[in-house]
Amino acid sequence: HWQSFGQGPDLVLLHGWGMNGAVWQQTVESLQADFCVHVVDLPGYGFSAEHHGEDLAQIAAMVLKDAPEKAVWLGWSLG
1 HWQSFGQGPD LVLLHGWGMN GAVWQQTVES LQADFCVHVV DLPGYGFSAE HHGEDLAQIA
61 AMVLKDAPEK AVWLGWSLG
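Take a look at the structure:
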């Protein structure tokens with residue numbers, strides 16, 4: 001599940017394990033004036049459909065199929 005906010009260069013935000021895209025709310029509010037901020041809910045989190053045992057390569061393919069062609073990616077996880 002993807003949500004997009006603002007206009008400008010594409011910036012994709014990925015949440016960490018056990019979280020969802022909502023963790024980026026304050027970041028989106030700060031950056032949407034200068035960027036088109038895309039917030040991703042990874043499979044099984046937030047508004048995304050549950051995943052059914054897909055491996056990492058399959059999950060990456062699911063995310064990338066809806067991704068902008070050129071973007072800066074920012075992830076947040078444990079540590």
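Residue 20 in the UniProt record's numbering sits at position 20 of the sequence shown, and the numbers go up by one each step.
Glycine is no exception: its CB is placed at the ideal position from the N, C-alpha and C atoms.
Beta-bridge pairing of residue i - partner residues as DSSP gives them
i: ASP34; result: Paired residue(s): none; ASP34 is not in a bridge.
i: ASP10; result: CYS36
For residue i, the three-state DSSP class (helix, strand or coil)
i: GLY75; result: strand
i: GLN3; result: strand
i: LEU64; result: helix
i: GLU54; result: coil
Integer-rounded CB distance, given that residue j should sit under 8 Å from residue i
i: VAL12; j: TRP73; result: 5 Å
At least three beta-carbon pairs within less than 8 Å, the region 53-69 to the region 18-35: The answer is no - the region 18-35 does not touch the region 53-69, with fewer than three Cβ pairs under 8 Å.
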